[in-house]
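Below: one structure, written as structure tokens.
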Amino acid sequence: MGNLYHNKTAQWLVYAAFFAGLAVIPMTVDDSFLLNQLATYGVYGMLALSISLCWGFGGILNLGQGIAFGLGAYGMAMTMQMQTQDESNPIPPFMLNNSLDHLPMLWQPFQNTYIGMILAVAAPTLFCAVFGGIMFRARVSGPFFAIMTLAMLSAFYTIIIDRQPYTGGVNGLTPPSSLQFAGFEVDPYSPTAYWVVFSFLLGATVLAKLITQSSFGLVTQAIRDDSERVRFLGYSVAGYETVIYTVSGLIAAVAGCCWVMLVQYVSPAQLDVGFSLSMVIWAAIGGRYSLLGSIIGAFIIQGAQSYLGDAFLATWLLILGGFFIVVVRFLPNGLASLVESGLGLFATKRGPASAEPNGDAKPIPAE
Amino acid sequence: MPGLLEIHNLSKSFDTTKVINDFSMEVTEGTLCCLVGPNGAGKTTTMDLITGRIKPTSGKIVFANEDITAKHEHIIARSGIGRKFQVPAVLRDMTVRQNLEVAYSRQTNPFWNLFKFRVAGLKQKLDEIATLAGLTGRLNDRAGILSHGETQWLEIGMVLMQEPRLLLMDEPIAGMTEGEIEKTVRIFRDLRKTATLVVVEHDMGFVREIADEVVVMHMGSLLAQGTIQQIEGNARVREVYLGEQEAA
Ligand SMILES: Nc1ncnc2c1ncn2[C@@H]1O[C@H](COP(=O)(O)OP(=O)(O)O)[C@@H](O)[C@H]1O
Ligand SMILES: [Mg+2]
């Protein structure tokens, strides 16, 4: 018998149990502020998932996931902002304060909620497809790609601050009322909002998991292992890298939309380098080769920050940094590898000794 | 009838050194051609040029009547050229089974592969090749822990999974035992019925057993081309290559 950790059926069962646990939360939590906060963790979970898919699974370190997240968030905030404008008053107040007397072209599609929401997801996804396509075709990879994403992130950050009349500048956008969708109002503090985030997290996780188990996933894994060799088997490495990077960006863009739905606010802080780095830290601590491990990593770190962070204010960053160093030093594959080696001990005790060849190697199957 | 693979006046310089110098050769479909020559003659570089790993300085490479000069690696591979590298290149972090599965690259489109969970015909082909390569007992092991000989076989297996029209084998029997070499001879002779092979090899005994035609390279140029008897009778070849081998 092999390691249970690598058993596909067991993996799906664990994922099902995890989401069943998340589904119980709105039935047991009465405090609507707490429920809203827990829903934001779902957003962080989606971001960690997107990093796990791109970096852990695809081997592409992306330090600029804030681009997709931020653009998605801005798109959603623009849509919600325009919902509160009407014909007699078509221009958002911050534009008037910046002496704009007409609605800019960029904003006009967002007058329609559906078009606005589609654009909020499609624009960042398209950006990833184009940017990724150019980079990967030029065979930019590894640390060089990571640096390019970082540079791109800073460029967007600067542009958003600089174009205050169109973006709200440093203040960002604060849509005055909650999202109206198909005649309903989605109160961010209601269980409905929680369920929306839950559904997207569930959908994204299933999508990512299926991708890792498909033929595409197998090729992507091979590319992570030795991209040079894979070319000679007839696969376009750039094509595969672009697709995985774009799907990862799509998930982050959806996370951005969910986030604005929950907090009714977006600012350049969402494109801050520090935030994109935290996403990578969540995945690293949880275990970047495991989708679920990464999500749990985000929950643990953000949960600890909310509760311990207040108590330790000044030293929180030191604690986080120390924890990160300990994990990277002693558990390079994150907390998920604890589970893997735990189950591995169990498997070798019962199965033949030859079943477990790898010591510190990367995990073999689709995780 | 034109050859399946034609190389015309190929040259390649690294900085100022000319590594391949006005080299031409032709391989007829359904034959096995051995590419021999002293170390540093440019055999591996020629394979790099054919498979698109590096771009020639000048010259032209035609495969199945199509110009493939300086095309991308994956395009050339898809057109039907499979390659085994001199230093065996397998996916070390993946299992032997996964290595063979990835190599079965009938569908290379990333979008289609997103929706593929079972590949038609894969299991049968995989069983066949694993048996041929003697790796049935190793399918679930990580490729990185295989011995040198097993790694050679895995890479040969990968090339066979690709089902290419032209197989380029760079020193396939290095590190193999006598028994394994005999097996390789049988497999290569068998393959010739359905495919075309170019094999780089130093062992003249092995070459004598498998080659329909021999091409001798020396300092990046063609020294001689012909049957094994013609080559062994060629005075120039004896001088620069075979003589050197006997001395070694
Ligand atoms: N990337 C490179 N840069 C410079 N010289 C190279 C490079 N690759 C190969 N060479 C040189 O080209 C010559 C031919 O090498 P190679 O094709 O590997 O020979 P063979 O396979 O016939 O032994 C050698 O002298 C080698 O040093
Ligand atoms: Mg060589």
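From first to last, the protein sequence lines are chains A and B. The first sequence lines up with residues 843 to 1209 when you count with the numbering used here. The second sequence lines up with residues 9 to 256 when you count with the numbering used here. Beta carbons are placed, not taken as given, at the ideal position from N, Cα and C, and that holds for glycine.
Endpoints, alpha helix (DSSP H) assigned at residue i
i       : result
A:I1137 : L1133 to F1154
B:G234  : Run containing B:G234: none in the alpha helix (DSSP H); it sits in the beta strand (DSSP E), S229 to G234.
A:T1062 : S1057 to R1073
A:M1103 : V1079 to V1105
B:K131  : L130 to L140
B:K79   : Neither: B:K79 is in no alpha helix (DSSP H) and is coded neither H nor E.
A:F1026 : Where A:F1026 is concerned, there is no enclosing alpha helix (DSSP H), although the beta strand (DSSP E) it sits in stretches over F1026 to V1028.
A:R801  : Since the first residue shown for chain A is 843 and the last is 1209, residue 801 of chain A is missing from the structure and cannot be characterised.
A:F987  : G984 to D1004
A:A858  : K850 to T870
A:S1120 : V1115 to G1128
A:G1163 : W1158 to F1172
B:F125  : It is not in any alpha helix (DSSP H) - B:F125 carries neither H nor E in the DSSP assignment.
Within 7 angstroms, strictly: CB atoms of residue i and residue j
i       : j       : result
A:C1099 : A:A962  : yes
B:N2    : B:A151  : In the structure as shown, chain B starts at 9 and stops at 256, and residue 2 of chain B therefore has no counterpart that could be examined.
B:D178  : B:Q94   : yes
A:M922  : A:P1017 : yes
B:Q170  : B:G90   : yes
A:L864  : A:F1117 : no
A:L995  : A:G906  : yes
A:N849  : A:L1185 : no
B:N148  : B:T103  : yes
A:A910  : A:A1140 : no
A:M1121 : A:P1007 : no
A:F952  : A:M977  : no
B:L174  : B:T204  : yes
Beta-bridge pairing of residue i - partner residues as DSSP gives them
i       : result
A:D928  : A:N931
B:V222  : B:C42 and B:G234
B:I195  : In DSSP, B:I195 forms no bridge with anything.
B:K92   : B:M177
A:S1183 : In DSSP, A:S1183 forms no bridge with anything.
B:T103  : B:R150
B:V207  : B:C42 and B:M177
A:L1015 : A:V1108
Cutoff 7 angstroms: residue i Cβ touching any chain B Cβ
i       : result
A:G974  : no
A:A965  : no
A:A1064 : yes
A:I1206 : Because the pLDDT of A:I1206 is 42, which lies under 50, any placement of that residue in the model is unreliable, and the question is left without a value.
A:F987  : no
A:L846  : no
A:Y857  : no
A:V1085 : yes
A:D943  : no
A:R1130 : no
A:G1076 : yes
Residue-chain proximity (residue i, chain A), Cβ-Cβ < 7 angstroms
i      : result
B:S113 : yes
B:F125 : yes
B:E136 : no
B:R91  : yes
B:L174 : no
B:R86  : yes
B:E247 : no
B:H82  : yes
B:P46  : no
B:A256 : For B:A256, the predicted model reports a pLDDT of 48, less than 50, meaning its position is unreliable; a value from the coordinates is still stated below. No, B:A256 does not count as interfacial toward chain A.
B:L140 : no
B:D101 : yes
Extent of the continuous beta strand (DSSP E) run through residue i
i       : result
A:G887  : Not the beta strand (DSSP E): A:G887 falls in the alpha helix (DSSP H), residues S874 to I893.
B:H16   : L13 to F22
B:M33   : T25 to V35
B:K201  : No beta strand (DSSP E) holds B:K201; DSSP gives it neither H nor E.
B:S66   : S66 to F71
A:L1021 : L1021 to F1023
B:E158  : Careful: B:E158 lies outside any beta strand (DSSP E), inside the alpha helix (DSSP H) at H156 to M169.
### Query
Within the chosen definition, does the segment 1039-1059 of chain A reach the segment 58-67 of chain B through at least 3 CB pairs nearer than 8 angstroms?
At 8 angstroms Cβ cutoff, the stretches do not touch.
### Message
Below 8 angstroms, how does it come out for the segment 11-20 of chain B and the segment 187-200 of chain B: are there three or more Cβ pairs, yes or no?
### Response
Between the segment 11-20 of chain B and the segment 187-200 of chain B, the count of Cβ pairs shorter than 8 angstroms is below three; the stretches do not touch.
### Query
Between the segment 1152-1162 of chain A and the segment 874-884 of chain A, do three or more beta carbon pairs fall short of 8 angstroms?
The segment 1152-1162 of chain A makes no contact with the segment 874-884 of chain A: fewer than 3 CB pairs, one atom from each, lie closer than 8 angstroms.
#### Entry: Cβ contact check for the segment 1081-1099 of chain A and the segment 108-115 of chain B: 3 or more pairs under 8 angstroms
Verdict: no, contact absent.
### Query
Taking one C-beta from the segment 29-39 of chain B and one from the segment 222-231 of chain B each time, how about it: are there three or more such pairs within less than 8 angstroms?
With a cut-off of 8 angstroms on Cβ pairs, the segment 29-39 of chain B is in contact with the segment 222-231 of chain B, counting three or more such pairs.
### Task
Count the CB pairs spanning the segment 885-902 of chain A and the segment 1128-1148 of chain A that are closer than 8 angstroms, and state whether there are at least three.
In short, these stretches touch, since the Cβ pair count reaches three.
### Contact between the segment 1005-1022 of chain A and the segment 901-921 of chain A (3+ Cβ pairs under 8 angstroms)
Three or more pairs of CB atoms, one per stretch, sit closer than 8 angstroms, so the segment 1005-1022 of chain A contacts the segment 901-921 of chain A.
#### Entry: Cβ pair count under 8 angstroms reaching 3, the segment 1020-1040 of chain A against the segment 69-76 of chain B
Short answer: they don't touch.
### Query
Any chance the segment 39-55 of chain B sits against the segment 205-216 of chain B, with 3 or more Cβ pairs inside 8 angstroms?
Cβ pair count under 8 angstroms is three or more, so yes.
### Query
Taking one C-beta from the segment 853-870 of chain A and one from the segment 1059-1069 of chain A each time, how about it: are there three or more such pairs within less than 8 angstroms?
In this structure the segment 853-870 of chain A does not touch the segment 1059-1069 of chain A; the number of beta carbon pairs closer than 8 angstroms is below three.
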